Amino acid sequence: MGKRQILLITMLLGSVVVTVSCNKLLPGIPADDSVLDGPIEGLTGEQNQAFLRGDIAFNDDIFTSSNGLGPTFVATSCGSCHAGDGKGHPFTTLTRFGQSDTLGNKFLHLGGPQLQSRALPGILPETIPAGATFSNFTPPANTGLGLLEAVPDATLIGLSDELDADGDGISGRPNWIHIPNYCLSRPGTIERSGRYIGRFGKKAAVYDLQQQTANAYNQDMGVNSSYESYNTYNGLQIDPEISNQKVLDVIFYLKTLKAPIQRDQNNADVIAGKQIFTNISCGKCHTPQMQTGPSTIAALANKTIFPYTDLLLHDMGPSLNDGYTEGTAMPAEWRTPPLWGLGLSKNSQGGKVFLLHDGRAKSIEEAVSFHGGEASQSKTKFQQLNASDKAKLIQFLESL
Amino acid sequence: MKNLAILFLLPLSICKGFAQIDPVLLRKPVTDTSRMLLNMDAVYNRPLLAAGKLPVSLGGYVEANYQYLNENGISEGHQFQMRRLTLFVASSISKRLKFLSEIEFEDGTKEINIEFASIDFELAPLLNFRGGVVMNPIGSFNQNHDGPKWEFVDRPISATQMLPATWSNVGFGIYGKKYSKDWVYGYELYLTNGFDESIISNGQNKTYLPAAKENPDRFEESFNGVPLLTAKFALRNNRIGEIGVSYMGGVYNKFQDDGLILDKKRNVNVYAIDFNTTLSKTKTFINGEWAWVSVDVPNTYTEQFGRAQQGGFLDIVQPVYSRSLFGFEKSVINAAIRLEYVDWNKGKFISTGDNIADHIYSVVPAISWRPTPQTVFRFNYRYNWQTDLLGNPPSRLAGFQFGFSTYF
Chain A
6 MGKRQILLIT
16 MLLGSVVVTV
26 SCNKLLPGIP
36 ADDSVLDGPI
46 EGLTGEQNQA
56 FLRGDIAFND
66 DIFTSSNGLG
76 PTFVATSCGS
86 CHAGDGKGHP
96 FTTLTRFGQS
106 DTLGNKFLHL
116 GGPQLQSRAL
126 PGILPETIPA
136 GATFSNFTPP
146 ANTGLGLLEA
156 VPDATLIGLS
166 DELDADGDGI
176 SGRPNWIHIP
186 NYCLSRPGTI
196 ERSGRYIGRF
206 GKKAAVYDLQ
216 QQTANAYNQD
226 MGVNSSYESY
236 NTYNGLQIDP
246 EISNQKVLDV
256 IFYLKTLKAP
266 IQRDQNNADV
276 IAGKQIFTNI
286 SCGKCHTPQM
296 QTGPSTIAAL
306 ANKTIFPYTD
316 LLLHDMGPSL
326 NDGYTEGTAM
336 PAEWRTPPLW
346 GLGLSKNSQG
356 GKVFLLHDGR
366 AKSIEEAVSF
376 HGGEASQSKT
386 KFQQLNASDK
396 AKLIQFLESL
Chain B
108 MKNLAILFLL
118 PLSICKGFAQ
128 IDPVLLRKPV
138 TDTSRMLLNM
148 DAVYNRPLLA
158 AGKLPVSLGG
168 YVEANYQYLN
178 ENGISEGHQF
188 QMRRLTLFVA
198 SSISKRLKFL
208 SEIEFEDGTK
218 EINIEFASID
228 FELAPLLNFR
238 GGVVMNPIGS
248 FNQNHDGPKW
258 EFVDRPISAT
268 QMLPATWSNV
278 GFGIYGKKYS
288 KDWVYGYELY
298 LTNGFDESII
308 SNGQNKTYLP
318 AAKENPDRFE
328 ESFNGVPLLT
338 AKFALRNNRI
348 GEIGVSYMGG
358 VYNKFQDDGL
368 ILDKKRNVNV
378 YAIDFNTTLS
388 KTKTFINGEW
398 AWVSVDVPNT
408 YTEQFGRAQQ
418 GGFLDIVQPV
428 YSRSLFGFEK
438 SVINAAIRLE
448 YVDWNKGKFI
458 STGDNIADHI
468 YSVVPAISWR
478 PTPQTVFRFN
488 YRYNWQTDLL
498 GNPPSRLAGF
508 QFGFSTYF
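Here the protein sequences come in this chain order: A and B. Just so you know, we're using the numbering used here here: the first sequence kicks off at 6 and counts up by one. Just so you know, we're using the numbering used here here: the second sequence kicks off at 108 and counts up by one.
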């Protein structure tokens, strides 16, 4: 072999070694505060395994006609509605119908409460029955749900002011709901006349993540479990199409997803925006800080969290009254949505934002403009802010 | 007893017979696999080993590789992969009657497929009959997929993740080819079993033609009783290159069963164009394929499954060092690059009017060394940008692959 060949081989091998050893040629791990997925800190090895099982079931399991999808449905997987564990897109909007007051849903026999807007080939999807009021719900982000679940009922009662005793015009109250038999009451749960405090869903009509998960399989994907065994298409009780273990894995995954991490906390404008948020009383409903109580998962217990919600119902005025409701909420009442993760919404909604319960608001400013009822005063104060302060407030919200 | 003894001794005698064959009697045609004839010839443009006057020829290829890939900063670590072991058995039954089969073991024994097993009967140069398990001639890669012919460890994304390469079915058809000075043209036309409903109901959560390959019954019965038509016309000028246009289409759903109507007939149609050329001045080899897929998906089904798809690849291979190396006289070192794109869901969301994304871009620079035309060692760097249905920030996958592929 000549010198020229040796030189050539050396150069080729050298370039290969240099290339392989160059980490810049490989994608880096996204900053923890730039993504919503990932487990909460402090899980044990066993819990990490359960988290991974749930992650796969949530994000990778696709339902088809052969493994339980439908025959009527909205989405084919959990991940279809919650890309990257973030807020959903109008593509998977959930339409609820049939209840216009606190007396219950009068259209359960006609497919209520959720419209299965899609169907397997050869099957017709549902339509909203004549006379039924309805509302569209954008799927929420999943993150931090376990921490929200671990907030004691007593904390929510403490935040509520049903009769507006302090006269500030804000009177949050819990949604007292009946819970399914399979729900295990949480430690310290408070019961009133056989009803419990709901805390998940747009109307706070869901008690815990077990009910949320079993319902989502059943109502969103048409997949029956032993928890929700009635088929949404024909109303008949059928064999489970998913194992209890799979449901439990997904519940564990949802419980242990980390809370969104705020970005730019030390930015002067963000700090100023946070102060403005407090000054115009946004925080009276979007409660900045809470404390979790006891939990069977140590990583969730007794933590200080910053969800910017009080998990209570508030009258949001006529603009947001769709005439549909759930549990004991009135049609104009909505649960305060957590604001944590708000700034990452566009990363799961296709580069845009679709805010409020039905995604009607295409910006934070527009979302505020739809506020009414108990939020009227804060909205007015927001609209009176000068452009600079408004920008700082929005910058703060986008840092969450 | 005598018969038993013969039965027992016969295999031994055959073994002994093979052991005594003088290696010079083994014919191994030298084929330059870096240059191609018409893509439709690829199935026979392979080195096959014939022993003496035995009517059967044997061959095959093997490919294995190492890879280290990283997706969004997370790596599965160092992976060693046995991608394929493929065996060919061919036989000239008579002067104008041939048989060839290709059996492939993928990822060890995870997938075992008969990719080709057909009888070819020449009636005239422009009229040949082919029947059995045939490779549907859609695009070029499906027919011309042998690992040693390519400078890249991975097969093209559009060919395997949008089109279903390697896509073979039971059926019959005709083909022919004609030469005229610098020109050659050929055609193929087959009727085979086809797709099924899994193309819009699968674990990929997208319209995915390769899902039909999972149906174990497709070599035994048609899913809906309607043949899949595949046709291709290719034209080559020896100075310019080859261009092929192809079509594949048919009904994919079970529209009736046991005499009862279940749904309307729903079609899948695939159109493809492929080309390849070698620039005479620089010996640069350029090879590409682009395909369009349309699927009649029910309006009441989910937009998750695309009604239209498109994608393709472009390979550019530049020999940079062609001379003896380590004693291999026809050794060639190539620099190459592959550009790829697939859009699995062309269309707009009904709810927002925005474009549906669900696409991937990929670039794969490569260095390959061919000590002989039939063997290739290849080093690839891959970078993919894959965007989900909604158009969220892309998932980034990158990494290194080193492997070999060789005929034997």
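Just so you know, even glycine gets a beta-carbon here, dropped at the ideal spot from N, CA and C. Nothing here was measured: the structure is a model prediction, and the numbers come from that model.
Exercise. Which value, in whole angstroms, describes the spacing of the CA atoms of LEU316/B and CYS188/A?
Worked result: The alpha-carbon atoms of LEU316/B and CYS188/A are separated by roughly 42 Å.
Problem set entry | Strand pairing of HIS87/A, partner residues [DSSP] | HIS87/A pairs with nothing; no bridge assigned.
Problem set entry | Which residues DSSP lists as bridging GLU196/A, in chain order | According to DSSP, GLU196/A bridges with TYR201/A.
For this session: Keeping to the same chain, check which residues put their C-beta closer than 7 Å to that of PRO136/B; ignore five residues upstream and five downstream.
Result: Annotation note: pLDDT 46 at PRO136/B (below 50); position unreliable, no value reported.
For this session: Using a Cβ cut-off of 9 Å (strictly closer), state whether PHE456/B contacts chain A.
Result: Interface residue, yes.
Exercise. In whole angstroms, what is the alpha-carbon distance linking PHE228/B and ALA197/B?
Worked result: Whole-angstrom Cα-Cα distance: 14 Å.
For this session: Count the other C-beta atoms from every protein chain shown that fall within 10 angstroms of the C-beta of HIS362/A, then say buried if there are 16 or more, exposed otherwise.
Result: Only buried fits HIS362/A, as 16 or more other CB atoms lie within 10 angstroms of its CB.
Exercise. How would you call GLN250/A, buried or exposed, if buried means at least 16 neighbouring beta carbons within 10 angstroms?
Worked result: Classification of GLN250/A: exposed, given that the 10 Å Cβ count is below 16.
Exercise. Does the Cβ of TYR297/B have 16 or more other Cβ atoms within 10 Å, making it buried, or fewer, making it exposed?
Worked result: Here TYR297/B is buried. Its C-beta has 16 or more other C-beta atoms within 10 Å.
For this session: Look up SER512/B in the DSSP assignment and say whether it is helix, strand or coil.
Result: Reduced to three states, the DSSP call for SER512/B is strand.
Problem set entry | Short Cβ contact (9 Å threshold) for PRO134/A with GLY103/A | A contact, by the Cβ cut-off of 9 Å.
Problem set entry | Proximal residues of chain B, C-beta to C-beta of LEU129/A below 7 Å | For LEU129/A, the chain B residues whose Cβ falls inside 7 Å of its Cβ are THR407, in order along the chain.
Exercise. Taking LEU31/A as the reference, which of ASN179/B, ASP461/B, VAL169/B, PRO478/B has the closest Cα?
Worked result: With respect to the C-alpha of LEU31/A, the residue from ASN179/B, ASP461/B, VAL169/B, PRO478/B having the closest C-alpha is ASN179/B.
Problem set entry | Contacting residues, own chain, Cβ-Cβ under 8 Å from ASP465/B (five flanking each side not counted) | Contacts found: LYS313, GLY413, ASP450, TRP451, ASN452, THR494, ASP495, LEU496.
Exercise. Do TYR212/A and GLY199/A come within 9 Å of each other at the CB atom, strictly closer than that value?
Worked result: Cβ distance not < 9 Å, so GLY199/A and TYR212/A don't count as in contact.
Problem set entry | Continuous beta strand (DSSP E) stretch holding GLY278/A: start and end | Careful: GLY278/A lies outside any beta strand (DSSP E), inside the alpha helix (DSSP H) at 273 to 284.
Exercise. Mind checking whether TYR286/B and ASN235/B have CB atoms under 9 Å apart?
Worked result: Contact flag unset, no.
For this session: Figure out for me which residue from LYS289/A, ARG123/A, ILE184/A has the closest Cα to the Cα of ARG178/A.
Result: The shortest C-alpha separation from ARG178/A is found at LYS289/A.
For this session: Examine chain B for any beta-carbon lying closer than 9 Å to the beta-carbon of GLN215/A, and answer yes or no.
Result: Interface flag for GLN215/A against chain B is unset, since no Cβ pair is found closer than 9 Å.
Problem set entry | Proximity to GLN217/A [Cα-Cα], best of GLN242/A, ASP244/A, PRO185/A, GLY240/A | Considering only GLN242/A, ASP244/A, PRO185/A, GLY240/A, the residue with the shortest C-alpha distance to GLN217/A is PRO185/A.
Problem set entry | Span separating the alpha-carbon of PHE85/A from that of PRO95/A | The residue you asked about is not Phe; residue 85/A is Ser in the sequence shown. Cα to Cα, SER85/A sits roughly 11 Å from PRO95/A.
For this session: Assign THR513/B to buried or exposed, taking buried as 16 or more other Cβ atoms, counted over all protein chains shown, within 10 Å of its Cβ.
Result: Around the beta-carbon of THR513/B, 16 or more other beta-carbon atoms lie within 10 Å, marking it buried.
For this session: Drop a sphere of 10 angstroms on the beta-carbon of ILE310/A, count the other beta-carbons inside from all chains shown, and report buried for 16 or more, exposed for fewer.
Result: Its Cβ being crowded by 16 or more others within 10 Å, ILE310/A is buried.
Problem set entry | Same chain only: Cβ atoms within 6 Å of LEU344/A, ignoring 5 sequence neighbours per side | Answer for LEU344/A: HIS291, TYR313, LEU405, listed in chain order.
For this session: Determine the contact status of THR81/A and PHE63/A, defining contact as a CB-CB distance below 9 Å.
Result: In this structure, the beta-carbon distance from THR81/A to PHE63/A does not fall below 9 Å.
Problem set entry | Nearest candidate by alpha-carbon position, reference ASN172/B, set ASN487/B, PRO501/B, THR407/B, SER502/B | Comparing alpha carbon positions, the residue from ASN487/B, PRO501/B, THR407/B, SER502/B closest to ASN172/B is ASN487/B.
Exercise. If we call anything under 9 Å between Cβ atoms a contact, is GLY151/A one with ARG340/A?
Worked result: Taking C-beta atoms as the reference points, GLY151/A and ARG340/A fail to come closer than 9 Å.
For this session: Give the DSSP-derived three-state secondary structure of THR15/A in the structure shown.
Result: Reduced to three states, the DSSP call for THR15/A is helix.
Problem set entry | Under 9 Å from the C-beta of ASN352/A: neighbouring residues of chain B | The answer, in chain order, is ASN499, PRO500.
Problem set entry | Bounding residues of the alpha helix (DSSP H) (the contiguous stretch that carries GLU494/A) | Not covered by the structure: residue 494/A. The range shown for chain A is 6 to 405.
Exercise. Got a sec? Which residues, its chain only, sit under 6 Å from SER383/A by beta carbon, not counting five neighbours each side?
Worked result: The residues are ILE285, SER286, CYS287.
For this session: Reducing DSSP to helix, strand and coil, say where THR138/B ends up.
Result: Caution applies to THR138/B, whose pLDDT of 45 falls short of 50 and renders its modelled position unreliable; the value that the coordinates give is listed next. Note: THR138/B maps to coil in three-state DSSP.
Exercise. Per the contact definition of three or more C-beta pairs closer than 8 Å, is the stretch 183 to 192 of chain B in contact with the stretch 41 to 51 of chain A?
Worked result: Pairwise C-beta distances place the stretch 41 to 51 of chain A out of contact with the stretch 183 to 192 of chain B, as fewer than three of them are shorter than 8 Å.
Exercise. PHE282/A: which of MET226/A, LEU262/A, ALA396/A sits nearest, CA to CA?
Worked result: Relative to the Cα of PHE282/A, the nearest Cα in the group MET226/A, LEU262/A, ALA396/A belongs to ALA396/A.
Problem set entry | Per-residue contacts from ASP495/B into chain A (C-beta, under 8 Å) | Among the residues of chain A, those whose CB is under 8 Å from the CB of ASP495/B are ALA88, following chain order.
For this session: Taking only the alpha-carbon atoms, compute the straight-line gap between ASP66/A and CYS83/A and give it to the nearest angstrom.
Result: ASP66/A and CYS83/A have their C-alpha atoms some 8 Å from each other.
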